[in-house]
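S.K.: Take the sequence shown: its position 8, counting from 1, is numbered 9 in my numbering, and each next residue is one higher.
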Amino acid sequence: GDKNVGMFAKRAQNGASYDTINQGSITLGNSASLSNPNVAMYTNATSIGSNPLKNMGNITVGDYSVAMYGFEENSSGNIKVGNGSIGLYSKNGNVNVSGSITTGSSKESVGVYTVGSGQTITSTGSTFNLGDTSFGFVNIGNNTITSTGGSATLSNNATFIYSSDETSHITNSTNISSSGAIGRNYGIYASGIVDNSGNIDFGSGVGNLGIYMVKGGKGTNTATITVGASDVTNELFGVGMAAGYIGDATTAPTTGTVENQGTININGPYSIGMYGAKTGTIVTNKHDIILNASNTTGIYVEEGAKAINDGTIKTGASGLSNVNGVVLGSGSTLENNRTINIAATASNGVLLKGGTIANYGSITVSGSGSEETKLLNSTPTSRGIGSVVIEAPAGATTATITAGGVVVTPTIVSTTARNPISVSADSIGLYVNTSGKDFTSSITGLGHLTSQADLIIGTEAAASTISKYIQIKDNKILDPYNNAILSSGVSKWNVYSGSLGWITTPTLDPGTGKVTNLYMAKIPYTEWSKNQDTYNFTDGLEQRYGVEELETRENQLFQKLNSIGNNEEVLLYQAFDEMMGHQYANVQQRIQATASILDKELKYLKKEWDTKSKDSNKIKAFGMRGEYKTDTAGVMDYSSHAQGFAYLHEKETVQLGNTTGWYAGLIHHEFKFKDIGKSKEEMLQAKWGVFKSTAFDHNNSLNWTISGEMFVGRNRMH
2 GDKNVGMFAK RAQNGASYDT INQGSITLGN SASLSNPNVA MYTNATSIGS
52 NPLKNMGNIT VGDYSVAMYG FEENSSGNIK VGNGSIGLYS KNGNVNVSGS
102 ITTGSSKESV GVYTVGSGQT ITSTGSTFNL GDTSFGFVNI GNNTITSTGG
152 SATLSNNATF IYSSDETSHI TNSTNISSSG AIGRNYGIYA SGIVDNSGNI
202 DFGSGVGNLG IYMVKGGKGT NTATITVGAS DVTNELFGVG MAAGYIGDAT
252 TAPTTGTVEN QGTININGPY SIGMYGAKTG TIVTNKHDII LNASNTTGIY
302 VEEGAKAIND GTIKTGASGL SNVNGVVLGS GSTLENNRTI NIAATASNGV
352 LLKGGTIANY GSITVSGSGS EETKLLNSTP TSRGIGSVVI EAPAGATTAT
402 ITAGGVVVTP TIVSTTARNP ISVSADSIGL YVNTSGKDFT SSITGLGHLT
452 SQADLIIGTE AAASTISKYI QIKDNKILDP YNNAILSSGV SKWNVYSGSL
502 GWITTPTLDP GTGKVTNLYM AKIPYTEWSK NQDTYNFTDG LEQRYGVEEL
552 ETRENQLFQK LNSIGNNEEV LLYQAFDEMM GHQYANVQQR IQATASILDK
602 ELKYLKKEWD TKSKDSNKIK AFGMRGEYKT DTAGVMDYSS HAQGFAYLHE
652 KETVQLGNTT GWYAGLIHHE FKFKDIGKSK EEMLQAKWGV FKSTAFDHNN
702 SLNWTISGEM FVGRNRMH
């Protein structure tokens, strides 16, 4: 039930002071909500010294409950709370903890919650076991927290010490570690002043942050902080020490100061030693930042933050790649007074993304493709073929398309649906689907294969518009590929169109390197014309593009041309050849030739094959091969193969030469053209007829034949 109390210490009417002590075991169940909690030890004291609560035994409470509620509180025993519960809640007075506190696994349980002013919260040799979403200490007043010795183990999405008060002071020497696979833990998240001398081992889980300072707070570390991997897709980065925030729709920007006088080990990819954001934020390294994994960064500052290196930033393992000593975002600065030493391939001592550097120390890099100082996005991404040009200067986030010297406005293609597709790594690169329907869900392994790869831009967007010029800026389309690019481990991307008939290029954010826009422009078909005859045809074809609406037969033809890939130029020439209809130039000749073959076989049965009786039936199967060659322009050479049968029924009267009868024949004739596409034509003809022959003398020296016939045929080109 709710509102149960194990020990109720009421304020004395005569004002006498007394201690409330638990040396046994108190166990309470779940409450429905924290507004009506079960409480193990409670006092309604309103002044310091009137009724301190002391726990020397064991307290266990369920969900939405409180172990100790009052003013002054001391616990040297063991406290275990459920989900959404609080271990020690203090309105004022000093709080001392020297036992153990274990929290639930959800609903943001808290070990010690203080809301007063001028309180001193002390933890000596305590053991904290914090479940998912839990807090060890939460302070919202002007208080001092000192945690000495002991240990704190965080599962997932947990925080050991949280303080929102800008005048608070936190001193910690308790060792903090993570145990969950998900991670996303904070060691210390605070305003005010933080002095940390306890080791923070966040090697387990992803996206963990050792010390985070906001609201102008200053944090100093003299111990060892170890951070594991990051989750780039969800933008959850592992960071040793961080200060400030750039702000978003729900959270205002903030600043802070962090200083490392100890050692920060970065052991997971895409993680960062120290981070700072916004003007007024200062990030200082006075000892060691050691980068032990590829795709890691020593210090990252942006939006006007300042970085100072008075220590050493270095790689700590061999075989690394894509490592940055310092990254300077827009308006940020670096004052380097000591050493940056990066030994890795495709890496940088300092990567400039809109920041500036004042170097009074040494910056040393070694490894293939590495640079001491590199300016990000210093190369234009312009493309052009023939009269079509996409102009994208270095650092530009938008581009201009011109056709024949005239600026054109591209059609913007946006999301129409969301169908996740998997994009896997190969030795070529990453294919960008621009349909607005299909999206990347993952990319794996590309960085293990190569440091350079191709970013192949597909032309699926052309299937949703009849425009020759297209712009894609929808983040729902671009973000999956940006995430895939960032997480691939590839340092250099060669960008080109996947279609022979289109040019494409991206524009990049000068600060982050992300794709901001994709531009696509159709190359005129006339660029592939080799003679005047072909030019006239391709010019007419170009003028027809975009005339008919989507999904018409004509538009479907153009979509097939759009699907012709790079290195498939022969297919385009084949398509032109077939659309110009060269194969049909002498189709009547082939029909006549087929009929002639059948006539020849029927004539042979009647004239050449001896008749041994007055009433005869003749049948013959036949085959024939041939070849046709010509120098006539626009007419294709071909080889042919014909096969079929002929039948004749003939009846002769007593007089020699007086005959009647009928005949039939069937022929299948196949033509193989010697064109680019190796076109074929199949022709099928059937013939049926009757005849009557009359002799005008007894020797049949003069004979007159009357006949009638019909034929039917079908031909198919493929």
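For glycine and all other residues, C-beta sits at the position ideal for the given N, C-alpha and C.
What does the alpha-carbon distance come out to for the pair methionine 625 and serine 708?
M.R.: Answer to the nearest angstrom: the Cα atoms are 26 Å apart.
S.K.: Along the alpha helix (DSSP H) that carries glutamine 14, what are the first and last residues, could you check?
M.R.: Note, glutamine 14: premise wrong, no alpha helix (DSSP H); not H, not E.
S.K.: For aspartate 3, which of helix, strand or coil comes out of DSSP?
M.R.: Residue state, collapsed to three classes: coil.
S.K.: Look at threonine 460 and serine 498 and say whether their C-beta atoms are less than 8 Å apart.
M.R.: Yes, they are a contact pair.
S.K.: Is it the case that the Cβ atoms of threonine 256 and isoleucine 273 are separated by a distance below 8 Å?
M.R.: Not a contact, by the Cβ cut-off of 8 Å.
S.K.: State buried or exposed for isoleucine 1, treating a residue as buried only when at least 16 other CB atoms are found within 10 Å of its CB.
M.R.: Outside the modelled stretch of the chain, which goes from 2 to 719, sits residue 1, for which no answer is possible.
S.K.: Helix, strand or coil for threonine 445 per DSSP?
M.R.: Confidence at threonine 445 is low in this model, with a pLDDT of 46, below 50, so its placement is unreliable and the value that follows should be read with caution. Correct three-state label for threonine 445: coil.
S.K.: Just mark serine 702 as buried or exposed, buried being the case when its beta carbon has 16 or more other beta carbons within 10 Å.
M.R.: Serine 702 is exposed by the Cβ-count criterion.
S.K.: Which of the three DSSP states, helix, strand or coil, is assigned to proline 481?
M.R.: Helix, per DSSP.
S.K.: For valine 1, which residues does DSSP report across the bridge?
M.R.: A question about residue 1 goes unanswered here, because the residues of the chain that appear run from 2 up to 719.
S.K.: Buried or exposed for glutamine 686, please, with buried defined as at least 16 other CB atoms from any protein chain shown within 10 angstroms of its CB.
M.R.: With 16 or more Cβ atoms within 10 Å of its Cβ, glutamine 686 is classed as buried.
S.K.: For methionine 711, which residues in the same chain have their Cβ closer than 8 Å to its Cβ, ignoring the five residues on either side in sequence?
M.R.: Contacts found: Lys688, Trp689 and Gly690.
S.K.: For glutamate 304 and asparagine 310, I'd like the C-alpha separation in whole angstroms.
M.R.: For glutamate 304 and asparagine 310, the distance between alpha carbons rounds to 18 Å.
S.K.: Residues in the same chain with beta-carbon distance under 6 Å from serine 118, minus the five sequence neighbours each way, listed in chain order, please.
M.R.: Around serine 118: Gly142 and Asn143.
S.K.: Determine which residues share a DSSP beta bridge with phenylalanine 1 and list them.
M.R.: The displayed coordinates of the chain run from 2 to 719. Any statement about residue 1 would go beyond what the structure contains.
S.K.: Whole beta strand (DSSP E) runs in the segment 26-72 with 3 or more residues, listed along the chain?
M.R.: Correct list: 26-29, 40-44, 54-56, 59-62 and 67-71.
S.K.: Within the same chain, show all residues whose beta-carbon is closer than 8 Å to that of valine 207, passing over the 5 residues directly before and after it, in chain order.
M.R.: Ile183, Gly184, Arg185, Gly229, Ala230, Ser231, Asp232, Leu237, Gly239 and Gly269.
S.K.: What's the gap between the Cα of aspartate 510 and the Cα of glycine 211?
M.R.: Their backbone Cα atoms lie some 29 Å apart in a straight line.
S.K.: Can you list, in chain order, the residues of its chain whose CB lies under 6 Å from that of isoleucine 22, leaving out five sequence neighbours each side?
M.R.: Same-chain partners within the cutoff: Lys55.
S.K.: In the DSSP assignment, find the beta strand (DSSP E) that holds serine 178 and state where it starts and stops.
M.R.: Note, serine 178: beta strand (DSSP E), 176-179.
S.K.: Look at the alpha carbon of alanine 278 and the alpha carbon of aspartate 475, and state the distance between them as a whole number of angstroms.
M.R.: Each residue's Cα considered, the two are about 26 Å apart.
S.K.: What does the Cβ neighbour count give for tyrosine 546, buried or exposed, with the cut at 16 atoms within 10 Å?
M.R.: Burial call: buried.
S.K.: In three-state DSSP terms, what is valine 389?
M.R.: In this structure, valine 389 counts as strand in the three-state DSSP scheme.
S.K.: Quick one: using the 10 Å Cβ neighbour count with 16 as the cut-off for buried, is aspartate 540 buried or exposed?
M.R.: The residue is exposed, with fewer than 16 neighbouring Cβ atoms inside 10 Å.
S.K.: Quick check: the Cα distance between tyrosine 190 and valine 409, rounded to an integer number of angstroms?
M.R.: About 52 Å.
S.K.: Measure the C-alpha to C-alpha separation of serine 124 and isoleucine 291 and round it to an integer number of angstroms.
M.R.: Their Cα atoms are separated by approximately 31 Å.
S.K.: Mapping the DSSP letters down to three states, classify aspartate 546 as helix, strand or coil.
M.R.: Note that residue 546 corresponds to tyrosine in the displayed sequence, not to aspartate. Residue state, collapsed to three classes: coil.
S.K.: Can you grab the Cα-Cα spacing for the pair leucine 456 / valine 496, in whole Å?
M.R.: Approximately 5 Å between the Cα atoms of the pair.
S.K.: Between the alpha carbons of glycine 7 and glycine 126, how many angstroms are there, rounded?
M.R.: Going from the Cα of glycine 7 to the Cα of glycine 126 covers about 27 Å.
S.K.: With the cut-off set at 8 Å, would you say tyrosine 114 and isoleucine 87 are in Cβ contact?
M.R.: In this structure, isoleucine 87 lies closer than 8 Å to tyrosine 114 by Cβ.
S.K.: Helix, strand or coil, according to DSSP, for arginine 419 in the structure here?
M.R.: For arginine 419, the pLDDT reaches just 47, beneath the cut-off of 50, and the residue's location in the model is therefore unreliable, although a value from the coordinates is still provided. If DSSP states are grouped into helix, strand and coil, arginine 419 belongs with coil.
S.K.: Under 8 Å by Cβ, that's how I've got histidine 669 and serine 641 pegged, so tell me the actual separation to the nearest angstrom.
M.R.: With a Cβ gap of about 11 Å, histidine 669 and serine 641 do not count as contacting.
S.K.: Where does arginine 339 sit, in a helix, a strand or coil, going by DSSP?
M.R.: Note: arginine 339 maps to coil in three-state DSSP.
S.K.: Go ahead and pull the three-state DSSP assignment for aspartate 632.
M.R.: Of the three classes helix, strand and coil, the one that applies to aspartate 632 here is coil, per DSSP.
S.K.: For glycine 128, which residues from the same chain have a beta carbon less than 7 Å from its beta carbon, with the 5 sequence-adjacent residues on both sides left out?
M.R.: The amino acid at residue 128 is misidentified as glycine; the sequence shows threonine. Contacts found: Ser101, Gly151 and Ser152.
S.K.: What residues in its chain sit with their C-beta under 6 Å from that of valine 366, if we drop five residues either side in the sequence?
M.R.: Excluding residues within five positions, the ones whose Cβ falls inside 6 Å are Ile343, Gly350 and Glu373.
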